[in-house]
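Visitor: Those letters in the sequence shown? Residues -4 to 114, by my numbering.
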Amino acid sequence: MELGYLQLCADRRFHRRTMEAFEAATGLGPDEYWIEARPGGAPAYPGTTNAGRLAYREGALHMGWAAHGDRCLGFSGESNDEIRRKLHRAARARAEEFARAIHYELFGEGGDVTVVRVA
Ligand SMILES: [Zn+2]
-4 MELGYLQLCA DRRFHRRTME AFEAATGLGP DEYWIEARPG GAPAYPGTTN AGRLAYREGA
56 LHMGWAAHGD RCLGFSGESN DEIRRKLHRA ARARAEEFAR AIHYELFGEG GDVTVVRVA
């Protein structure tokens, strides 16, 4: 069984959509991945977290790093582009740290969540 891990913003408008987009991109079911949420999502964490390391150790193969625009309370006053750039940097850093996993960058705006593989 494949497993995953998703780090996302706690935002009420985007958390569920982000999980659904992650499931669609990875083929994982809702009970096949760990989550970790806080305002701001993945770019709000300065480095790897206990939950992320635990999931990786437990075999998380698909790792998702998420944030959103359209006013995020974790990054008040910042534009969608600014938050997207922070997310990109965070996803690239985590992809190096968890080198054996497949990484995804998820960004929500305008009610949709787009998913791209981190190369
Ligand atoms: Zn947010």
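Don't be surprised by glycine CBs; every beta carbon is placed ideally from N, CA and C.
For I30, which beta-bridge partners are listed by DSSP?
Guide: Along the sequence shown, one-based indexing puts residue 30 at 35. Paired residue(s): L1.
Visitor: If you draw a straight line from the alpha carbon of E77 to that of R66, how long is it in whole angstroms?
Guide: To locate residue 77, count along the sequence shown from 1; it is residue 82. To locate residue 66, count along the sequence shown from 1; it is residue 71. C-alpha separation (whole angstroms): 11 Å.
Visitor: Which residue or residues does DSSP assign as beta-bridge partners of Y99?
Guide: On the sequence shown, position 104 is the one that residue 99 refers to. Bridge partners of Y99: G59, R112.
Visitor: Classify E53 as helix, strand or coil using the three-state DSSP reduction.
Guide: Walking along the sequence shown from the start, residue 53 turns up at place 58. Correct three-state label for E53: coil.
Visitor: Among all residues, which have a Cβ less than 5 Å from at least one non-hydrogen atom of ligand 1, and in what chain order do they fall?
Guide: C4, D6, C67, G69
Visitor: According to the Cβ coordinates, are F93 and Y51 closer than 7 Å?
Guide: Position 98 of the sequence shown holds residue 93. Position 56 of the sequence shown holds residue 51. In this structure, the beta-carbon distance from F93 to Y51 falls below 7 Å.
Visitor: Quick one: residues in its chain with C-beta nearer than 8 Å to the C-beta of R12, no 5 flanking neighbours on either side, listed in chain order?
Guide: Against the sequence shown, residue 12 aligns to sequence position 17. Contacts found: G103, G106, D107, V108.
Visitor: Could you have a look at D6 and say whether DSSP puts it in helix, strand or coil?
Guide: As a position in the sequence shown, residue 6 is number 11, starting the count at 1. If DSSP states are grouped into helix, strand and coil, D6 belongs with coil.
Visitor: Looking at the strands, I want to know which residues DSSP matches up with D107.
Guide: The residue you call residue 107 lines up with position 112 of the sequence shown. Per DSSP, E104.
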